[in-house]
Amino acid sequence: MKNDRTSHTVDEALQKLMHFCAYRDRSQKEVEDKLNQMRMIPEAQEKIIISLMQDGFLNEERFARSFVRGKFRMKKWGRIKITQELKKRDISSPIIKLGLSEIKESDYLKTLYELAEKKEEKTKEPNSFKKKKKLADHLLRKGYESQLVFDCINELID
1 MKNDRTSHTV
11 DEALQKLMHF
21 CAYRDRSQKE
31 VEDKLNQMRM
41 IPEAQEKIII
51 SLMQDGFLNE
61 ERFARSFVRG
71 KFRMKKWGRI
81 KITQELKKRD
91 ISSPIIKLGL
101 SEIKESDYLK
111 TLYELAEKKE
121 EKTKEPNSFK
131 KKKKLADHLL
141 RKGYESQLVF
151 DCINELID
């Protein structure tokens, strides 16, 4: 995002933010950051945010749901990493919980096992202990829960 040096009226800023939010779902924090870049005063920011919410351009639940779907399907992130990223965006715990409900448990486990198998095939480590560690580290970095990771690895490598 480039830094806007010009000043904007509330209506101009609202129009810009409508386009910003229509392009893809945004969190309230992203909108606030954009308004700060535009050097809007707090009263104007509040008015614009309320207007965006009332007109359906800004919806934290919809943002959380689409964020979860995208990061899980495209990047194959686990719940822990997704939750951390949503918290960075100031999304509340109840909304994070609603967002995570987008992931079916069967899809989650299937993805975990597919990631583990793919990594296991690529890992050219003869020592099974070291191989398990490399696999676990990879899956934990992806944000999967440790108990699920260890169950998966123990099933995969004997």
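Okay, so the sequence shown: first residue is 1 according to UniProt numbering, each after it adds one. Note that beta-carbon positions come from the ideal geometry of N, C-alpha and C, so glycine has one too.
- Of all C-beta pairs linking the segment 120–130 to the segment 71–91, fewer than three are shorter than 8 Å, placing the two stretches out of contact.
- Taking every protein chain shown into account, the CB of Ser-27 has 16 or more other CB atoms within 10 angstroms, so this residue is buried.
- Burial is judged here by how many other beta carbons sit within 10 angstroms of a residue's own beta carbon; Lys-87 has fewer than 16 and is exposed.
- Taking a cut-off of 8 Å on C-beta distances, the segment 66–80 does not touch the segment 36–51, as fewer than three cross pairs fall below it.
- Inter-segment contact for the segment 8–26 and the segment 55–67 is present: three or more beta-carbon pairs are separated by less than 8 Å.
- By the CB criterion at 8 Å, Val-68 and Ile-50 fall outside the cutoff.
- The beta carbon of Lys-97 sits closer than 7 Å to none of the beta carbons in its chain outside the five residues before and after it.
- At a Cβ-Cβ threshold of 8 Å, Leu-135 and Ala-116 count as neighbours.
- When DSSP states are grouped into helix, strand and coil, Gly-70 belongs to the helix group.
- Each residue's CA atom was taken as its position, placing Asp-11 and Leu-109 some 47 Å apart.
- The segment 82–151 is shown to contain whole alpha helix (DSSP H) runs of 4 or more residues at 93–100, 105–122 and 128–141, in chain order.
- The straight-line gap separating the alpha-carbon atoms of Lys-16 and Gln-37 is approximately 12 Å.
- By the neighbour-count criterion, in which 16 or more other beta carbons inside 10 Å mark a residue as buried, Ile-41 falls on the exposed side.
- The C-beta of Lys-142 has 16 or more other C-beta atoms within 10 Å across all chains shown, which makes the residue buried.
- In the DSSP assignment, Asp-158 falls outside any alpha helix (DSSP H) and carries neither an H nor an E.
- Here Val-31 is actually not in contact with Leu-14; their C-beta atoms are around 11 Å apart, not less than 8 Å.
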